[in-house]
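Read through the structure below, which is laid out as structure tokens, and then see the notes.
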Amino acid sequence: LEWVDGEALAYLRDLSFLGATGIDVAFAYIRGYSMVKAVYDALNDGGRGGLIAYALMDDKNYHVMNDWVVNLQPQAFGPLLLALSSPPKAFSVQEGNDKKSFQQDDAHFLQQRAIERCIGWISKKPDAAQQFEEALICMNRDGMRPEQAGYQYCRNRLHLDLFMDERVKALFPGSEETRDRYRENASKLGKRLNHFCEHRMLYRGSLVPSTRQFKTEYKGPDID
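26 is the number of the first residue of the sequence shown in this note's numbering; add one for each residue after it.
What follows is the structure, encoded as structure tokens:
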């Protein structure tokens with residue numbers, strides 16, 4: 026996408042992201058860039074990971090979501106993974122006359138399932154490893170590829186791993202299998218760079234993995 030200028034690339038990224046969350050892209054496109062950016066920013070303000078995960082896990086749209094996610098550019102896939110791994114919050118959705126409510130643990134497990142589903146979907150592609158690496162490098166609010174790409178990969182991979190390590194809904198059928206599938210696919214897709222990442226724990230905190238603090242270093246070749 027080198028031929029696309031900065032604003033146009035941001036527009037494509039935002040549209041791709043919105044499509045992956047179940048929003049009507051054609052409608053958003055007609056409304057223009059300012060509307061698309063406003064919705065994109067609102068979804069990335071934090072606390073909406075559960076709502077995005079709910080859209081991705083809606084089996085009525087399984088094939089549409091599958092096709093959309095596997096074709097996401099890293100500039101959109103990275104922010105999607107960041108949103109899905111944001112701190113979970115309780116939320117509710119209205120479907121017709123029915124209102125579904127999700128507590129914090131429900132949201133966390135739903136977000137874990139959505140992350141595992143997305144990574145599982147792309148794992149079947151021939152270029153899956155490259156898409157995974159680049160998405161993690163671009164795992165920031167703006168979807169940009171920053172400097173020190175190796176370090177960013179390691180830091181964001183750790184962030185995802187800690188989010189997925191939390192044993193929420195441990196007794197719920199399929200919960201451990203969901204986390205195991207994530208670990209297997211992430212290990213396979215990140216094989217080229219994983220062994221260059223070194224993490225040293227600075228603060229253990231509670232038993233909750235996400236409260237631990239680490240110093241991260243990348244000791245591999247320059248990939249900037």
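Just so you know, even glycine gets a beta-carbon here, dropped at the ideal spot from N, CA and C.
Next on the checklist: Can you list, in chain order, the residues of its chain with a C-beta nearer than 6 Å to that of Cys163? Leave out the 5 residues immediately preceding and following it.
Outcome noted: Numbered from 1 along the sequence shown, position 138 holds the residue referred to as residue 163. Same-chain partners within the cutoff: Pro99, Gln100, Gly103 and Arg170.
Item to check | Range covered by the alpha helix (DSSP H) that runs through Val89 | outcome: As a first step, residue 89 is located in the sequence shown; it is residue number 64 there, counting from the start. Where Val89 is concerned, the enclosing alpha helix (DSSP H) stretches over Tyr87 to Val95.
Checklist entry - Buried or exposed: where does Tyr207 fall if 16 or more other Cβ atoms within 10 Å of its Cβ makes it buried? => result Taking the first residue of the sequence shown as 1, we reach residue 207 at position 182. Tyr207 should be labelled buried.
Checklist entry - Where does Phe197 land, buried or exposed, given buried means 16+ other C-beta within 10 angstroms? => result Taking the sequence shown and counting its residues from 1, one reaches residue 197 at position 172. With fewer than 16 Cβ atoms within 10 Å of its Cβ, Phe197 is classed as exposed.
Item to check | Euclidean distance between Cα positions of Arg204 and Arg192 | outcome: Taking the first residue of the sequence shown as 1, we reach residue 204 at position 179. Taking the first residue of the sequence shown as 1, we reach residue 192 at position 167. Their backbone Cα atoms lie some 9 Å apart in a straight line.
Next on the checklist: Using 8 Å as the threshold, is the C-beta distance between Leu185 and His224 below it?
Outcome noted: Counting from 1 along the sequence shown, the entry for residue 185 is found at position 160. Counting from 1 along the sequence shown, the entry for residue 224 is found at position 199. Contact: no.
Item to check | Phe127, DSSP secondary structure in three states | outcome: The residue given as residue 127 occupies position 102 in the sequence shown. In this structure, Phe127 counts as strand in the three-state DSSP scheme.
Checklist entry - Can you round the beta-carbon distance between Tyr79 and Leu135 to whole angstroms, since I take them to be within the 8 Å contact cut? => result Translated into the one-based positions of the sequence shown, residue 79 becomes position 54. Translated into the one-based positions of the sequence shown, residue 135 becomes position 110. Confirmed, about 6 Å.
Next on the checklist: Tell me the rounded alpha-carbon separation between Asn181 and Gly121.
Outcome noted: Within the sequence shown, residue 181 is the residue found at index 156, counting from 1. Within the sequence shown, residue 121 is the residue found at index 96, counting from 1. Each residue's Cα considered, the two are about 38 Å apart.
Item to check | Minimum C-alpha distance to Asn219 - residue among Glu201, Gln238 and Glu242 | outcome: On the sequence shown, position 194 is the one that residue 219 refers to. Looking at the Cα atoms, Glu242 is the closest of the given residues.
Item to check | Under the three-state DSSP convention, the category Lys240 falls into | outcome: As a working mapping, residue 240 is identified with position 215 in the sequence shown. Note: Lys240 maps to strand in three-state DSSP.
Checklist entry - Relative to the C-alpha of Cys179, which residue among Phe221, Asn96 and Asp167 is closest? => result Within the sequence shown, residue 179 is the residue found at index 154, counting from 1. Checking every option, the nearest Cα to that of Cys179 belongs to Phe221.
Checklist entry - Where does Asp84 land, buried or exposed, given buried means 16+ other C-beta within 10 angstroms? => result Counting from 1 along the sequence shown, the entry for residue 84 is found at position 59. Result: exposed.
Item to check | 8 Å Cβ cutoff met for Leu109 and Gly72 | outcome: Working through the sequence shown from its first residue, we reach residue 109 at position 84. Working through the sequence shown from its first residue, we reach residue 72 at position 47. No, the pair does not count as a contact, with Cβ atoms beyond the cut-off.
Item to check | Helix, strand or coil at Arg225 according to DSSP, with G and I counted as helix | outcome: Sequence index remark: in the sequence shown, residue 225 carries index 200 (1-based). Here Arg225 sits in strand by DSSP.
Checklist entry - Which partner residues of Val118 appear in the DSSP bridge assignment? => result In the sequence shown, residue 118 corresponds to position 93, counting from 1. Bridge partners of Val118: Lys125.
Checklist entry - Going straight from the alpha carbon of Ile248 to that of Tyr176, what length do you get? => result In the sequence shown, the residue the question calls residue 248 occupies position 223. In the sequence shown, the residue the question calls residue 176 occupies position 151. Looking at the two C-alpha atoms, the distance is approximately 10 Å.
Item to check | Exposed unless 16 or more other CB atoms sit within 10 angstroms - verdict on Gly215 | outcome: Residue 215 sits at position 190 when you count from the first residue of the sequence shown. Result: buried.
Checklist entry - At which residues does the alpha helix (DSSP H) containing Glu201 begin and terminate? => result On the sequence shown, position 176 is the one that residue 201 refers to. Run containing Glu201: Ser200 to Leu214, per the alpha helix (DSSP H) assignment.
Checklist entry - Contact check, Ile144 vs Ala195 under 8 Å by CB: the rounded distance? => result Locating residue 144 in the sequence shown gives position 119, where the first residue counts as 1. Locating residue 195 in the sequence shown gives position 170, where the first residue counts as 1. Actually they do not touch by this definition, with Cβ atoms about 21 Å apart.
Item to check | Of the listed residues Gln173, Leu97, Leu227 and Gln238, nearest to Gly245 (C-alpha basis) | outcome: As a first step, residue 245 is located in the sequence shown; it is residue number 220 there, counting from the start. The shortest Cα separation from Gly245 among Gln173, Leu97, Leu227 and Gln238 belongs to Gln173.
Checklist entry - Roughly how many angstroms separate the alpha carbons of Asp152 and Leu106, rounded to a whole number? => result Translated into the one-based positions of the sequence shown, residue 152 becomes position 127. Translated into the one-based positions of the sequence shown, residue 106 becomes position 81. The alpha-carbon atoms of Asp152 and Leu106 are separated by roughly 18 Å.
Next on the checklist: Rounding to the nearest angstrom, what Cα-Cα distance links Arg217 and Gln128 in this structure?
Outcome noted: Walking along the sequence shown from the start, residue 217 turns up at place 192. Walking along the sequence shown from the start, residue 128 turns up at place 103. Roughly 38 Å separates the two Cα atoms.
Checklist entry - How many angstroms separate the CA atom of Leu76 from the CA atom of Asp130? => result The residue given as residue 76 occupies position 51 in the sequence shown. The residue given as residue 130 occupies position 105 in the sequence shown. One C-alpha to the other measures close to 14 Å.
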